[in-house]
Amino acid sequence: MMRALYTGASGVKSHQVRMDAIGNNISNVNTVGFKSSRVTFSDMLSQNLSGATGGRGNVGGTNPKQIGLGAYVGSTDLMFRDGAPLSTGKNTDLALSGDALFVVQKNGQTYYTRDGAFEFDAAGNYVLPGSGHFVQGWTATDGVINTTGAVGDIKVTKGQEMPAKATDNVDYLYNLDADIPLVTGINGGSASESGEVVATEENPITLTLSDQTTRIVEEGSYKIGSSLPIVTTANIYDSYGNTHQIPIYFSREGEIADGVVNSANKWLVSLSPSTGLKKGDTTTTELTDANGNTITASLNAAEIQFDSAGKLVSSSTGETAPDISGLLTLTFPAESAPTPTEGAAPAAPAAPAVQNVNLDFSELTQFAGSTTVNSQGNGNTAGVLKEIQIDNSGIITGIYTNDVRQAEAQVAVAHFVNSPGLLKNGTSLYIESLNSGAPSIGSADAFGATITAGATEMSNVDVANEFADMIITQRGFQSNTKVVTVTDEMIETAVNMKR
Numbered sequence: 024m025m026r027a028l029y030t031g032a033s034g035v036k037s038h039q040v041r042m043d044a045i046g047n048n049i050s051n052v053n054t055v056g057f058k059s060s061r062v063t064f065s066d067m068l069s070q071n072l073s074g075a076t077g078g079r080g081n082v083g084g085t086n087p088k089q090i091g092l093g094a095y096v097g098s099t100d101l102m103f104r105d106g107a108p109l110s111t112g113k114n115t116d117l118a119l120s121g122d123a124l125f126v127v128q129k130n131g132q133t134y135y136t137r138d139g140a141f142e143f144d145a146a147g148n149y150v151l152p153g154s155g156h157f158v159q160g161w162t163a164t165d166g167v168i169n170t171t172g173a174v175g176d177i178k179v180t181k182g183q184e185m186p187a188k189a190t191d192n193v194d195y196l197y198n199l200d201a202d203i204p205l206v207t208g209i210n211g212g213s214a215s216e217s218g219e220v221v222a223t224e225e226n227p228i229t230l231t232l233s234d235q236t237t238r239i240v241e242e243g244s245y246k247i248g249s250s251l252p253i254v255t256t257a258n259i260y261d262s263y264g265n266t267h268q269i270p271i272y273f274s275r276e277g278e279i280a281d282g283v284v285n286s287a288n289k290w291l292v293s294l295s296p297s298t299g300l301k302k303g304d305t306t307t308t309e310l311t312d313a314n315g316n317t318i319t320a321s322l323n324a325a326e327i328q329f330d331s332a333g334k335l336v337s338s339s340t341g342e343t344a345p346d347i348s349g350l351l352t353l354t355f356p357a358e359s360a361p362t363p364t365e366g367a368a369p370a371a372p373a374a375p376a377v378q379n380v381n382l383d384f385s386e387l388t389q390f391a392g393s394t395t396v397n398s399q400g401n402g403n404t405a406g407v408l409k410e411i412q413i414d415n416s417g418i419i420t421g422i423y424t425n426d427v428r429q430a431e432a433q434v435a436v437a438h439f440v441n442s443p444g445l446l447k448n449g450t451s452l453y454i455e456s457l458n459s460g461a462p463s464i465g466s467a468d469a470f471g472a473t474i475t476a477g478a479t480e481m482s483n484v485d486v487a488n489e490f491a492d493m494i495i496t497q498r499g500f501q502s503n504t505k506v507v508t509v510t511d512e513m514i515e516t517a518v519n520m521k522r
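Residue numbers (this note's numbering): 24 to 522.
So this is what it looks like as structure tokens:
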């Protein structure tokens, strides 16, 4: 009978622990990134009154006779399901969904958390403001992030300066119209005629095009079989961030056969609106800077070629091979340097006398439809960081006053084989344990996780379930206390039998 007392007492203790877990869950119902706990019970050892016997002859088998010795807490499990994201409107807050945790560090010790209520301190450190833990990630070098390197403290200082950068590459993108009309006649002449005709304001010329339209032009030189030039503007920055707008002309070349103009898939790229050019011809244009100095731009005419599918041809070799790039050269007067823009560094080293810019045509296509060719250069004026944005993979992008957007850092996350095996360390932090496994550090998308900026992850506590569990736990506790009191009464009755 004493056995029943201990059995009831074990049930009381077990349900007390479960009620403690329920109370902790409910108390953290509004804790950012909190993960609820679940308590499970297991039965203790059983006392064997008799063993099992097998059937023999006319006698059947018997089951063992066992009396259980109570219950104990089998496990307390962390429920690592996602909490709902809660919009905060603060762009430094992060909500993480998926099987991963943020990585933070303090005093050389690494911790893991789902609490993404981060912010930048006065020194530009990305931190948990309540405890001062540094958020870990990768810092960009010239806008490039290497996620294979070691993680470190993320630091992005508002107001940090971006120096002016001279343009050294311009990419040309999108499409050149495959159906652009070609010149089939000049001043009423036929397509069998060849040679160039120069137009001036005093002597304009009339061009007949293959789409049966005419055009009167007052400048440039033209030849039958070429298209009217398409002009685009390349914005070139010098070393002080001054902008120079260079007109780049694309002109399609055709072929004349038996008095008929046939389209070819070749285009000449130059600085001249004239169509009477050949590959390699030097073309120039002059610009005037803020001081009135003359800057000369030069470009050897490049010839790009497309195949029948509209893709750029780049595999042939030799002198007649098509180009996939061109070299634009800006020459500054030897006695002058570009004037620094406002906010740029003082004119310490003089600007180079010559600035070379690569023109990359490798992304151009030639399909039927409109011409949408556009250029994107890599230079910029000086600027100051004014705000940041964070995307779903944790990349922190700086937005500068010069309208340049540059990657500054990326937030790292950790993935564990057994996240519920992590050890709680207080203040919503976890540390690695023997059963969690070693962390794998990487970007959020590498582990199928997603980061939502401007939000935090809510606690995953389900209050309705907790109240239901509370009632069940309360009844279990009451029932076990009843076992103790009834057993005590039975013992008292047995003792009183002697009287």
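For each residue, glycine too, the CB sits at the ideal point set by N, CA and C.
Around the C-beta of G471, fewer than 16 other C-beta atoms lie within 10 Å, and the residue is accordingly described as exposed.
A direct Cα-Cα distance of roughly 14 Å separates K129 from V174. Bridge partners of Q132 according to DSSP: K129.
Contact between the stretch 136 to 150 and the stretch 53 to 60 is present: 3 or more CB-CB pairs across the two stretches fall below 8 Å. Rounded to the nearest angstrom, the Cβ distance from L251 to L387 is 18 Å, too far for a contact under 8 Å. Three or more Cβ pairs closer than 8 Å define a contact, and the stretch 478 to 495 falls short of that threshold against the stretch 457 to 467.
The three-state reading of DSSP puts L457 in coil, since its state is none of H, G, I, E or B. Looking only at I411, A313, G402 and Y453, the smallest Cα-Cα distance to P186 is reached by G402. Residue pairing for T85: DSSP places it in a beta bridge opposite T76.
If you draw a straight line from the Cα of P108 to the Cα of N323, it is about 57 Å long.
At the C-beta level, E431 and A163 come within 7 Å of one another. Here the stretch 230 to 249 lies against the stretch 203 to 212, with 3 or more beta-carbon pairs under 8 Å apart. By the neighbour-count criterion, in which a residue is buried when 16 or more other Cβ atoms sit within 10 angstroms of its Cβ, K289 is buried.
Secondary structure note for L28: its alpha helix (DSSP H) is the uninterrupted segment M25 to S50. DSSP places K521 outside both helix and strand once states are collapsed to three, so it counts as coil.
Restricted to the stretch 447 to 519, the beta strand (DSSP E) segments that are unbroken, complete and at least 3 residues in length are 452 to 454, 463 to 465, 473 to 476 and 478 to 480, listed in chain order. Residue nearest to R275 within the set L294, T298 and G147 is T298 (criterion: CA-CA distance). Here G160 carries a strand assignment [DSSP, helix/strand/coil].
In the assembly as shown, A435 is a buried residue. Its beta-carbon has 16 or more other beta-carbons within 10 Å.
The C-beta of K58 has 16 or more other C-beta atoms within 10 Å across all chains shown, which makes the residue buried. Beta-bridge partners of L300 (DSSP): none assigned. When the Cα atoms are used, F273 and E326 turn out to be separated by approximately 10 Å.
Going by C-alpha positions, H156 is about 10 Å away from Q132. Counted as a single uninterrupted DSSP element, the beta strand (DSSP E) harbouring T319 occupies residues T317 to N323. Taking a cut-off of 8 Å for Cβ pairs, the stretch 92 to 110 and the stretch 62 to 71 touch, as three or more such pairs fall below it.
The continuous beta strand (DSSP E) containing P108 extends over residues P108 to S110. By the neighbour-count criterion, in which a residue is buried when 16 or more other Cβ atoms sit within 10 angstroms of its Cβ, Q328 is buried. In this structure R41 is buried. Its beta-carbon is surrounded by 16 or more other beta-carbon atoms within 10 angstroms. Here G264 really is in contact with A405; their C-beta atoms are around 5 Å apart, less than 8 Å. The Cβ atoms of L92 and L68 sit closer than 7 Å to each other. Counting only the Cα atoms, S331 lies some 33 Å from Q268. In the DSSP assignment, D200 falls within the unbroken beta strand (DSSP E) covering N192 to D200. It is roughly 38 Å from the alpha-carbon of I228 to the alpha-carbon of V377. Residue V179 holds the alpha-carbon nearest to the alpha-carbon of G160 among N448, V179 and G303. Proximity to E219 across S293, K301, T266 and I418 peaks at K301, based on C-alpha coordinates.
Across the structure, E142 and V150 are spaced so that their CA atoms are roughly 6 Å apart.
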